[in-house]
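Just so you know, we're using my numbering here: the sequence shown kicks off at 18 and counts up by one.
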Amino acid sequence: MTKWVLLHLGAAIVGLGKTGFGGGVGILSTPLFALALGGRTAVGVMLPLLLVCDVFVLSLSYYRNSIDKSNIAVLLPSMLVGIALGLPVLGIMPDEVFKKAIGVLALIFAVAQAYKDFCLKVDEPVKPSKGLGVLLGIGAGFASAIAHVGGTLTTMYLLPQKLPNAVFVGTSTLLYFVSNASKVLPYWKMGLITKQGLWLGVSLLPSVAAGALLGIWLNKVLSPQAFSKLILLFVALTAVRLLMG
């Protein structure tokens with residue numbers, strides 16, 4: 018794959034994940050951007066794209082009016098704490114180590130998700146404890162700060178509740194809109210957001226838009242379970258590629 022194929026594919030997945038499934042499947046986009054640009058540059062280019070998608074999703078009343086405030090109250094404050102803990106690590110981590118860290122996070126997600134899909138079969142909604150929510154929120158904020166992959170952990174808290182699709186997407190999007198917005202100034206000060214990176218992001222917006230439209234369509238014709246299994250395969254393969262260097 019060429020650099021531009023990786024970038025446009027990653028950008029399309031950003032849009033697809035946000036509109037279709039609340040961003041959880043977007044974990045695949047970070048490894049793709051990291052393969053094309055390197056870890057530190059990747060997170061800087063991705064952040065404005067993620068914010069654009071967040072704003073678009075929240076502009077749709079279908080999602081904006083379906084936000085679960087009780088889950089926001091548990092997860093959002095702890096996520097902001099996690100971001101504050103993760104940003105100093107991002108500032109000192111070498112690029113090669115950073116890429117491998119992304120690979121490890123992606124691989125852990127793939128294993129955990131496979132276990133959930135193939136070994137656990139819980140039909141009734143389960144409301145995790147607030148204590149677990151706080152821990153997952155801190156972990157999600159930390160992972161979001163260094164690699165934009167915190168959606169894995171918030172999904173672990175929200176998914177067992179079997180929320181309606183609009184509630185799941187709306188709640189997840191608000192969480193990441195606030196957390197992504199809180200990272201803009203620190204990323205800028207660390208040199209991760211640059212004018213060149215912003216222009217690169219602009220060039221990727223058509224792919225983001227195409228992915229967003231595809232996500233809306235897939236949400237209607239493909240079950241989340243089937244879609245998750247397909248994405249899971251690509252996540253695992255990409256993680257292995259990153260770990261191999």
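All C-beta atoms in this analysis are idealised placements derived from N, C-alpha and C, irrespective of residue type, glycine included.
Remember, predicted model here, so these are calculated numbers, not experimental data.
Three or more beta-carbon pairs under 8 Å between the segment 87 to 100 and the segment 185 to 193, yes or no? yes
Coarse secondary structure for residue 261, derived from DSSP in three states: Counted from its first residue, the sequence shown places residue 261 at position 244. Three-state result, residue 261: helix.
Spatial neighbours of residue 198 in its chain, beta-carbon cut-off 7 Å, leaving aside the 5 residues before and after: Here residue 198 is taken as the residue at index 181 of the sequence shown, counted from 1. Excluding residues within five positions, the ones whose Cβ falls inside 7 Å are 68.
What separation, rounded to the nearest whole angstrom, lies between the Cα atoms of residue 64 and residue 170? As a working note, residue 64 is residue 47 in the sequence shown. As a working note, residue 170 is residue 153 in the sequence shown. If I take the Cα positions, the gap works out to 18 Å.
Taking just the CA atoms, how far does residue 96 sit from residue 106? Position 89 of the sequence shown, counted from the first residue, corresponds to residue 106. Position 79 of the sequence shown, counted from the first residue, corresponds to residue 96. The alpha-carbon atoms of residue 106 and residue 96 are separated by roughly 16 Å.
Where residue 117 falls, given that 16 or more other Cβ within 10 Å makes a residue buried: Residue mapping note: residue 117 aligns to position 100 of the sequence shown, counting from 1. Looking at its Cβ environment, which holds 16 or more other Cβ atoms inside 10 Å, residue 117 is buried.
Measure the Cβ-Cβ separation of residue 159 and residue 99 and say whether it is below 9 Å. As a working note, residue 159 is residue 142 in the sequence shown. As a working note, residue 99 is residue 82 in the sequence shown. In this structure, residue 99 lies closer than 9 Å to residue 159 by Cβ.
Excluding five sequence neighbours on each side, which residues of the same chain lie with their C-beta closer than 7 Å to the C-beta of residue 26? For the purposes of this step, residue 26 is taken as residue 9 along the sequence shown, with counting starting at 1. Counting only Cβ-Cβ distances below 7 Å, and skipping sequence neighbours, we find 49.
Should residue 81 and residue 187 be called a contact, given that it needs their Cβ atoms to be closer than 9 Å? Taking the sequence shown and counting its residues from 1, one reaches residue 81 at position 64. Taking the sequence shown and counting its residues from 1, one reaches residue 187 at position 170. A contact, by the Cβ cut-off of 9 Å.
Would the beta-carbon of residue 230 fall within 9 Å of that of residue 32? Numbered from 1 along the sequence shown, position 213 holds the residue referred to as residue 230. Numbered from 1 along the sequence shown, position 15 holds the residue referred to as residue 32. Yes, Cβ-Cβ distance for residue 230 and residue 32 is below 9 Å.
Under the three-state reduction of DSSP, which class applies to residue 136: helix, strand or coil? Taking the first residue of the sequence shown as 1, we reach residue 136 at position 119. Coil.
Best match in 227, 213 and 154 for proximity to residue 61 [C-alpha to C-alpha]: Indexing the sequence shown from 1 puts residue 61 at position 44. Of the candidates 227, 213 and 154, the one whose C-alpha sits nearest the C-alpha of residue 61 is 213.
Taking the beta carbon of residue 14 as the centre, do at least 16 other beta carbons fall within 10 Å, making it buried, or is it exposed? Here the chain comprises residues numbered 18 to 262, so residue 14 is not present and cannot be evaluated.
What residue range is occupied by the uninterrupted alpha helix (DSSP H) comprising residue 71? Counting from 1 along the sequence shown, the entry for residue 71 is found at position 54. Residue 71 -> alpha helix (DSSP H) spans 56 to 76.
Residues in its own chain within less than 7 Å of residue 175 by CB, not counting five upstream and five downstream? Sequence index remark: in the sequence shown, residue 175 carries index 158 (1-based). Excluding residues within five positions, the ones whose Cβ falls inside 7 Å are 88, 185, 188 and 189.
Minimum C-alpha distance to residue 39 - residue among 181, 131 and 122: Here residue 39 is taken as the residue at index 22 of the sequence shown, counted from 1. When each option's Cα is compared against that of residue 39, the closest is 181.
Considering only residues of the segment 161 to 188, which uninterrupted alpha helix (DSSP H) runs meet the minimum length of 4 residues and lie entirely inside it, listed in chain order? 168 to 175
Terminal residues of the continuous alpha helix (DSSP H) containing residue 218? Start at 1 with the first residue of the sequence shown, and residue 218 comes out as number 201. Unbroken alpha helix (DSSP H) run through residue 218: 212 to 238.
Between 228, 252 and 183, which lies nearest to residue 78 when the distance is taken from Cα to Cα? Reading the sequence shown from its first residue, position 61 is the one you call residue 78. Here the closest residue by C-alpha is 183.
What are the start and end residues of the alpha helix (DSSP H) that includes residue 94? For the purposes of this step, residue 94 is identified with residue 77 of the sequence shown, where counting begins at 1. First-last of the alpha helix (DSSP H) with residue 94: 86 to 109.
Got a sec, what are the start and stop residues for the alpha helix (DSSP H) residue 31 sits in? If you number the sequence shown from 1, residue 31 lands on position 14. That run of the alpha helix (DSSP H) goes 20 to 38.
Buried versus exposed call for residue 261 [16 or more other C-beta atoms within 10 Å across all chains shown]: One-based indexing of the sequence shown puts residue 261 at position 244. Classification for residue 261: exposed.
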